[in-house]
Amino acid sequence: MEITERRHDEIMDNVKSQYVSDERHSRELKAGLHPLRYKFAIWYTRRTPGVRNQTSYEDIIKKIVEFSTVEGFWACYCHLARSSLLPSPTDLHFFKNGIRPLWEDGANCNGGKWIIRFSKVLSSRFWEDLLLALVGDQLDDADNICGAVLSVRFSEDIISVWNRNASDHQVRLLFTRSLASSLPSFVLY
Numbered sequence: 661m662e663i664t665e666r667r668h669d670e671i672m673d674n675v676k677s678q679y680v681s682d683e684r685h686s687r688e689l690k691a692g693l694h695p696l697r698y699k700f701a702i703w704y705t706r707r708t709p710g711v712r713n714q715t716s717y718e719d720i721i722k723k724i725v726e727f728s729t730v731e732g733f734w735a736c737y738c739h740l741a742r743s744s745l746l747p748s749p750t751d752l753h754f755f756k757n758g759i760r761p762l763w764e765d766g767a768n769c770n771g772g773k774w775i776i777r778f779s780k781v782l783s784s785r786f787w788e789d790l791l792l793a794l795v796g797d798q799l800d801d802a803d804n805i806c807g808a809v810l811s812v813r814f815s816e817d818i819i820s821v822w823n824r825n826a827s828d829h830q831v832r833l834l835f836t837r838s839l840a841s842s843l844p845s846f847v848l849y
């Protein structure tokens, strides 16, 4: 029983930390900024190809920045290297703040992900469209989305969108349709 209550509290803390607080929202508006519905964080992972070491995945993933306004997003995004310039293998994780890009995180542990593989030429455009849709709250059932990952690999790039509940088939269908209608570069086959 105690474990369940602690787990529930952890999940609720994650959910609360994702939203911009009313007080912060008011401060940002007064400052002439444009608050987002969710706070976001960008994480980075870079592994050396062919080298295996004892360092855990949790130790190599690094939070780069977090933001909660449109201006904050653009200040960060403008300074990120485009996927075509990132070395392989590299991962960029774009997650709601309070959710670590690990399956062990409370928000992810019952979730799943959509995976789309791209040629190197197309991935940068889709990644940008996806980030703009996430930041702009343009995807249906946004509360179910935890974040997105760009995985730069040698021959292709992989973009995945992580969700909270992998067993809800209705949510999966809704999200797939939402991707197809919200993102100009997404083609549903």
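Each number in the numbering used here comes from the position in the sequence shown (counting from 1) with 660 added on. Heads up, the beta-carbon is just placed ideally off N, CA and C, and yes, glycines get one too. The model shown is predicted, which means the values in this text are computed figures rather than measured ones.
Item                                                                                                                                             : Value
Inspect the CB distances between the region 779–789 and the region 726–735 and report whether three or more fall short of 8 Å.                   : no
Let's test the definition: count the other Cβ atoms within 10 Å of the Cβ of Thr-715 and tell me whether it reaches 16, buried, or not, exposed. : exposed
Between the C-alpha atoms of Asn-770 and Arg-824, what's the straight-line distance to the nearest angstrom?                                     : 6 Å
Figure out for me which residue from Asp-800, Ile-775, Leu-799 has the closest Cα to the Cα of Ile-819.                                          : Ile-775
Please report the distance separating the alpha-carbon of Ala-802 from that of Phe-835.                                                          : 9 Å
Alpha carbon to alpha carbon, how far is Ala-701 from Pro-747? Give it in angstroms, no decimals.                                                : 21 Å
With DSSP as the reference, label Ile-663 as helix, strand or coil.                                                                              : Reliability of the predicted coordinates at Ile-663 is poor, the pLDDT of 49 falling under 50, and the value obtained from them is presented with this limitation in mind. Three-state DSSP puts Ile-663 in a helix.
For Gly-692, count the other beta carbons within 10 Å of its own beta carbon; 16 or more makes it buried, fewer makes it exposed. Which is it?   : exposed
Just verifying my parser: in three-state terms, what is the DSSP assignment at Ala-802?                                                          : helix
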